[in-house]
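Working notes, structure below.
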Amino acid sequence: MKKLEILPEFRLDFPYNLPTLDYEYSVLEPHIDARTMEIHHTKHHQAYVDNLNKALGDDALISKPLLHLFDKADKLAPAVRNNGGGHYNHSLFWKILKINNGSKPEGDLMKHITQSFGGFEEFRDEFGKAAASRFGSGWAWLSIDEENNLFISSTPNQDNPLMNVAEKRGYPILGLDVWEHAYYLHYQNRRPDYIKAFWDIVNWSEVEKRYLSIIK
Amino acid sequence: MKIFVVIFALLLFFGTTAQTHVFKPLPYAYDALEPYIDAKTMEIHYTKHHRGYYDKFMAAIKGNHHLESLSLPEIMARMNEFPAAVRNNGGGFWNHEFFWESMTPGGSAIPEGALKNRINAQFGSMEKFIEEFKNAGLSIFGSGWVWLIQEKGALKIVTTPNQDNPLMNVPAGTVNPLLALDVWEHAYYLKHQNKRAAYIDDFFKVIDWIAVSKRFNEKL
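Chains as they are written, first to last, in the numbering used here: chain A, 619 to 834; chain B, 260 to 479.
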């Protein structure tokens with residue numbers, strides 16, 4: 619993949635650390651409760667970081683940026699692929715969350731979404747379907763491919779569209795965690811309600827920033 | 260002549276009659292496995308998750324005369340022939356019923372007899388078996404199940420992703436499941452959150468070893 623270095627997460631390297639959040643755990647209430655945020659960040663994400671550091675025994679892997687490892691995800695030890703994916707995916711996820719008071723994307727991103735999906739509502743429906751239909755644990759994504767097309771996809775477990783195992787590869791600009799740990803304390807089995815609430819907490823200015831940096 | 264007509268009619272009848280798939284009652288109250296498995300988890304797990312798999316499985320086979328004529332074990336043995344909705348929901352339906360019937364309030368000690376002897380012979384001791392089963396449960400990344408099965412004359416601990424199970428895509432009668440543990444996060448998140456190890460320890464307090472021993476088949 620040609621534009622990895624543009625991504626903010628390209629800077630992630632060994633030894634990996636849990637990023638600090640630039641907001642309080644409670645700010646996404648009532649859409650995501652503070653307890654879920656705290657456990658998600660300090661337990662789940664921390665475990666991915668710790669297990670990634672532990673799994674990276676060999677120097678050749680340690681010396682490479684994490685995003686370059688995703689190019690050979692099929693050849694990685696499962697512990698590196700799973701925990702490396704978990705670290706990247708959550709690092710992105712925290713960044714694109716913010717109470718948005720009903721705002722929508724603007725400018726070029728909005729135009730591109732409308733062109734690609736027929737409208738913002740249609741985009742949300744398609745993304746929601748990808749998130750709802752992922753059976754088991756995984757993620758839904760909005761990404762940009764090498765030809766600058768927007769596309770929606772979902773990946774199992776902690777895989778992501780940067781990995782060579784993904785059905786379609788691209789640069790994610792928006793991701794939604796649909797592991798049960800992301801919503802079970804508040805929503806239990808009601809994943810569709812969690813997906814609906816997600817649209818109130820997408821940080822569109824961060825998504826736009828990422829979009830513009832990749833598309834230019 | 261008459262007899263052939265009767266046989267033909269019977270074949271027609273049984274050959275095309277839909278199998279009945281019953282959503283069985285939970286064999287104990289929601290709070291019966293407290294304090295190891297909490298009542299709220301049991302209620303949601305049974306009335307929402309298990310029921311959801313059952314309803315979606317029934318919807319997935321509806322109108323398909325071939326699928327409607329097969330039993331669930333017959334479907335599982337040939338699962339690769341069927342759509343993902345049948346696999347995911349048929350597996351979820353079967354796995355949860357088997358799981359409920361693997362537990363009992365307070366648990367039961369493993370009876371003296373063939374299964375206990377086999378576990379001791381193969382794993383060294385019950386403690387070693389428990390350790391190995393727990394490690395298998397911890398090793399599953401994402402959603403899935405851990406199983407104790409009989410296959411080719413031996414006990415085996417195996418894991419399956421999502422709602423798959425060891426009966427899928429193997430000839431009927433070759434695998435005999437004895438014990439199952441659900442390690443989807445929905446099975447433990449309300450009480451244990453990220454601490455899957457603590458959930459597995461609690462599961463061992465409520466295993467119905469009498470039921471598990473009854474499943475063991477010395478002839479396999």
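Cβ atoms here follow ideal geometry from the backbone N, Cα and C, with glycine treated the same way.
From a predicted model like this one, the values you see are computed outputs, not experimental measurements.
- Residue range 756 to 762 is occupied by the beta strand (DSSP E) that includes ALA758/A.
- With contact defined as three or more Cβ pairs closer than 8 Å, the segment 454 to 466 of chain B and the segment 372 to 380 of chain B are not in contact.
- For VAL417/B, the enclosing beta strand (DSSP E) has its first and last residue at 413 to 420.
- Chain A places a beta carbon closer than 9 Å to that of PRO420/B, counting this residue as a contact.
- Non-local C-beta neighbours of ASN424/B in its own chain, meaning closer than 6 Å and more than five positions away in sequence, comprise GLY350, ASN354, ordered along the chain.
- As DSSP reads the structure, GLU410/B sits in a beta bridge with ALA413/B, VAL434/B.
- VAL796/A and ARG752/A do touch by the CB rule: their CB atoms are close to 5 Å apart, below 8 Å.
- Interface residue (Cβ-Cβ distance to chain B less than 9 Å): GLU798/A is classified as such.
- Listed in chain order, the positions of the segment 793 to 825 of chain A with a beta carbon within less than 8 Å of a beta carbon of chain B are TRP797, GLU798, HIS799, TYR802, LEU803, GLN806, ASN807.
- Against chain B, the CB of ILE657/A has a partner CB under 9 Å away; the residue lies at that interface.
- Of the residues ASP818/A, TYR643/A, HIS663/A, the one whose Cα lies closest to the Cα of ARG742/A is ASP818/A.
- Cβ contact annotation for GLY396/B (same chain, cutoff 6 Å, sequence separation greater than five): VAL405, LEU440, VAL442, ILE459, in chain order.
- Taking a Cβ-Cβ cut-off of 9 Å, HIS451/B has no neighbours in chain A, whose nearest Cβ is about 11 Å from it.
- In this structure, ALA470/B places its C-beta atom within 9 Å of the C-beta atom of SER367/B.
- Between LYS387/B and the set GLU356/B, ALA343/B, GLU410/B, ILE416/B, the nearest pair of CA atoms involves ILE416/B.
- At a cut-off of 9 Å between beta carbons, SER328/B makes no contact with chain A.
- The Cβ atoms of TYR789/A and ILE770/A do not sit closer than 9 Å to each other.
- The Cβ of SER831/A sits no closer than 9 Å to any Cβ of chain B.
- Counting along the chain, no beta strand (DSSP E) covers ILE369/B, and no H or E run does either.
- Put simply, the segment 681 to 690 of chain A touches the segment 627 to 636 of chain A. At least three CB pairs are less than 8 Å apart.
- Within chain A, the residues placing a beta-carbon under 7 Å from that of TRP443/B are GLU798, ordered along the chain.
- At a cut-off of 9 Å, the C-beta of GLY736/A has no neighbouring C-beta in chain B.
- Shown here for ASP651/A: same chain residues with a beta carbon closer than 6 Å to its own, the five before and five after excluded, namely HIS804 in chain order.
- For a Cβ distance threshold of 7 Å, residue set GLN806, ASN807 of chain A lies close to ILE303/B, ordered along the chain.
- Among the bridge pairs identified by DSSP, PRO774/A is matched with GLY756/A.
- In the three-state scheme derived from DSSP, where H, G and I count as helix and E and B as strand, ASP297/B is classed as coil.
- Assignment of TYR312/B by DSSP, reduced to helix, strand and coil, places it in the helix class.
- The contact set of ASN347/B on chain A, defined by CB atoms closer than 9 Å, consists of PHE753, GLY754 in chain order.
- By the Cβ criterion, the segment 693 to 702 of chain A is not in contact with the segment 729 to 743 of chain A, since fewer than three pairs of Cβ atoms, one from each stretch, lie closer than 8 Å.
- LEU727/A places its beta carbon less than 9 Å from that of TYR829/A.
- Cα atoms of TYR287/B and ALA665/A: separation of roughly 36 Å, rounded to the nearest angstrom.
- Around PRO774/A, the beta-carbon contacts reaching into chain B at under 8 Å are GLY401.
- The criterion of a C-beta distance shorter than 9 Å is not satisfied by PHE352/B and TYR289/B.
- For LEU792/A, the enclosing beta strand (DSSP E) covers residues 789 to 795.
- Beta-bridge analysis with DSSP links VAL820/A to LEU715/A.
- Around the beta carbon of ASP777/A, 16 or more other beta carbons lie within 10 angstroms, which makes this residue buried.
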